[in-house]
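Working notes for the structure below.
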Amino acid sequence: MEHVLNFAYWLKDNYMELLSAIALMVLGLEMLVRLTPTKKDDSFMARVSSKLKWLMDLLKVPNVKAADSKLLGVVPKPDGLHK
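Just so you know, the numbering used here puts the end of the sequence shown at 84, numbered straight through with nothing missing.
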């Protein structure tokens, strides 16, 4: 039981670093998948994405969107050319 509690405390203390590492791994995988032309790795990334969606639902991480269904914090691109 002591090992389980130690692991729980470790997770509590290091969850931000753990989430950052997972995010970086997924980013790297996504970049690799987009650079390769095969469909086999696309299906692997789809499985990884589905597992991450399950994890986010389990942790109740909200998918925050604005009223117009766009992600919040996204800066719209200006119309026309830059001057």
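The C-beta atom is built at its ideal place from N, Cα and C for all residues, glycine as well.
I'd like to know whether the C-beta atoms of residue i and residue j end up nearer to each other than 8 Å.
i, j, result
"residue 46", "residue 20", "no"
"residue 27", "residue 53", "yes"
"residue 43", "residue 34", "yes"
For a minimum of 4 consecutive residues, which ranges assigned as the alpha helix (DSSP H) are wholly contained in the stretch 7 to 59?
41 to 59
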